[in-house]
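Residue numbers (the working numbering): -6 to 280. For each residue, glycine too, the CB sits at the ideal point set by N, CA and C. Have a look at the structure below before the remarks.
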Amino acid sequence: MSTKVKIVGAKENVVSTDHFSIDECIGNVATKCDDLSMAIVTITEPTSEPWITIDYDEYMYVTDGFIEIYLEDGSMTKVVAGQTVFIEKGTRMQVVFPSGNTKYIPVCLPAFKPERCLREEGTESDVSKRLNALHNSNDSNKLSAEEVNAKFDHVTKVYHMCEKKLWDEAVSSGTAYFPTTFHEDGKFTHATAVADRLISTANHFYTSSEGDWICIELDRNELLKLGILTIFEEAKPVGTTDTNSDWETWVFPHIFGGIPTHVSGVVTNVLPITRDDDGSFLSIEGL
-6 MSTKVKIVGA
4 KENVVSTDHF
14 SIDECIGNVA
24 TKCDDLSMAI
34 VTITEPTSEP
44 WITIDYDEYM
54 YVTDGFIEIY
64 LEDGSMTKVV
74 AGQTVFIEKG
84 TRMQVVFPSG
94 NTKYIPVCLP
104 AFKPERCLRE
114 EGTESDVSKR
124 LNALHNSNDS
134 NKLSAEEVNA
144 KFDHVTKVYH
154 MCEKKLWDEA
164 VSSGTAYFPT
174 TFHEDGKFTH
184 ATAVADRLIS
194 TANHFYTSSE
204 GDWICIELDR
214 NELLKLGILT
224 IFEEAKPVGT
234 TDTNSDWETW
244 VFPHIFGGIP
254 THVSGVVTNV
264 LPITRDDDGS
274 FLSIEGL
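See the structure below:
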């Protein structure tokens, strides 16, 4: 057989639920190709994806039905059968399938990988677990620490949750804020980049605490200007509390320094967190 024309793989199902399936035809699973990926996505009932941020350019060709793509500015693009849409790398979006009975072909450049698609899920879904298992089965697909952080270069907004009284004390004294476990944890400040994970994170680590809590929204670029690095790493313990075993495939931003309280632009928002009488965290007001 000619080396110029050869069979390199075959269609492989990578996601299958009661109403949603993805068959990869080209990509890291089907053909061990990282340059681009192409799949056939079939939706049989109305559903939606979580909000995602993509680290690749993506084309979507709709063959049946229609899809709606929502952006964080509130805009929506409707793509109907026979149309192709382009989504630029770094876009944060939510893809909605209002009617079911929809089929489309996504093409990603470079190829889709879970590491290149930040899914805003409160807990890791079965879809995410399946995709991570398929992609991690090939050691060559695993990213180095440098590659992991390179894919999060576009993420500028991160969040830190803390006791309100400790933050207020730092602000009043004009000093930087440091969490109480800063040295014990490895001289960094824990943070989260995915807003939907904040409440589940708080309920895992902090329910035994008392008093009011707040969520501090930070600009990662402004921290960097002060020489404070934000490094994306695997989940790590807070004090003596270990991480959640369901977070094995998640990465979190760790701020290697304290949080300046009086430098303009670093803190972009301070939001109150509501709690139940039993100490559990319920919601973050304004987020």
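Segment contact flag, the region 208 to 216 with the region 137 to 151, C-beta cutoff 8 Å, min 3 pairs
Three or more Cβ pairs closer than 8 Å define a contact, and the region 208 to 216 meets that threshold against the region 137 to 151.
How many Å lie between Phe13 and Thr37 at the Cα?
Along the sequence shown, read from residue 1 onward, the residue named residue 13 stands at position 20. Along the sequence shown, read from residue 1 onward, the residue named residue 37 stands at position 44. About 7 Å.
At which residues does the alpha helix (DSSP H) containing Phe175 begin and terminate?
Here residue 175 refers to the residue found at position 182 of the sequence shown. Judged by DSSP secondary structure, Phe175 falls within the alpha helix (DSSP H) whose first and last residues are Phe175 to Asp178.
Please name the residue or residues paired with Ser87 in a DSSP beta bridge.
By one-based count along the sequence shown, residue 87 stands at place 94. The question names Ser, yet the displayed sequence has Gln at residue 87. In the DSSP output, where bridge partners are listed per residue, Gln87 has Tyr63.
With 16 as the cutoff for other CB atoms within 10 Å, does Pro39 come out buried or exposed?
Translated into the one-based positions of the sequence shown, residue 39 becomes position 46. When all chains shown are included, Pro39 counts as exposed.
Any idea what DSSP makes of Thr46, helix, strand or coil?
Position 53 of the sequence shown holds residue 46. The DSSP-derived three-state label of Thr46 is strand.
Output yes or no for whether 8 Å exceeds the beta carbon distance between Val259 and Pro253.
By 1-based counting over the sequence shown, the position of residue 259 is 266. By 1-based counting over the sequence shown, the position of residue 253 is 260. Closer than 8 Å, so yes.
How is Asp189 classed by DSSP in three states: helix, strand or coil?
Here the question's residue 189 lines up with position 196 in the sequence shown. Of the three classes helix, strand and coil, the one that applies to Asp189 here is helix, per DSSP.
Give me the DSSP bridge partner(s) of Asp57.
In the sequence shown, residue 57 corresponds to position 64, counting from 1. Lys96, per the DSSP bridge assignment.
Is Thr267 near Leu280, with beta carbons less than 8 Å apart?
Here residue 267 refers to the residue found at position 274 when the sequence shown is read from its first residue. Here residue 280 refers to the residue found at position 287 when the sequence shown is read from its first residue. No. Outside cutoff.
I'd like the list of long-range same chain contacts for Lys229, defined as Cβ closer than 8 Å, with 5 residues on each side in sequence excluded.
Translated into the one-based positions of the sequence shown, residue 229 becomes position 236. Asp178, Gly179, His183, Thr236, Phe245 and His247.
Closest by C-alpha distance to Gly93, when choosing among Ile0, Val34, Ile47 and His147
Working through the sequence shown from its first residue, we reach residue 93 at position 100. Comparing Cα positions, the closest option is Val34.
Roughly how many whole angstroms lie between the Cα atoms of Ile62 and Thr70?
Stepping through the sequence shown from its first residue, residue 62 is reached at position 69. Stepping through the sequence shown from its first residue, residue 70 is reached at position 77. Spanning the two alpha carbons is a distance of roughly 5 Å.
Hey, Arg112 and Ile47: beta-carbon distance below 8 Å or not?
Locating residue 112 in the sequence shown gives position 119, where the first residue counts as 1. Locating residue 47 in the sequence shown gives position 54, where the first residue counts as 1. Going by C-beta atoms, Arg112 is not nearer than 8 Å to Ile47.
Residue burial classification, Thr233 (beta-carbon count within 10 angstroms, cutoff 16)
Residue numbering aside, residue 233 sits at position 240 when the sequence shown is read from its first letter. With fewer than 16 Cβ atoms within 10 Å of its Cβ, Thr233 is classed as exposed.
Within the continuous beta strand (DSSP E) that includes Lys229, where are the two ends?
Walking along the sequence shown from the start, residue 229 turns up at place 236. Counted as a single uninterrupted DSSP element, the stretch harbouring Lys229 is not any beta strand (DSSP E), since DSSP gives it neither H nor E.
Provide the residue span of the alpha helix (DSSP H) that contains Trp160, from first to last.
By one-based count along the sequence shown, residue 160 stands at place 167. Counted as a single uninterrupted DSSP element, the alpha helix (DSSP H) harbouring Trp160 occupies residues Lys157 to Ser166.
Is Ile98 near Tyr54, with beta carbons less than 8 Å apart?
Your numbering for residue 98 matches position 105 in the sequence shown. Your numbering for residue 54 matches position 61 in the sequence shown. Cβ atoms of Ile98 and Tyr54: closer than 8 Å.
Beta-carbon contacts of Val100 that lie in its chain and below 6 Å, excluding the five residues immediately before and after:
Taking the first residue of the sequence shown as 1, we reach residue 100 at position 107. Cβ within range, chain order: Met31 and Tyr52.
In chain order, what are the residue ranges of uninterrupted beta strand (DSSP E) at least 3 long that sit wholly in the region 234 to 262?
The qualifying runs are 244 to 249.
Classify Ile0: buried if its beta carbon has 16 or more other beta carbons within 10 angstroms, exposed otherwise.
As a working mapping, residue 0 is identified with position 7 in the sequence shown. Burial check for Ile0: the Cβ neighbour count within 10 Å stays below 16, so the residue is exposed.
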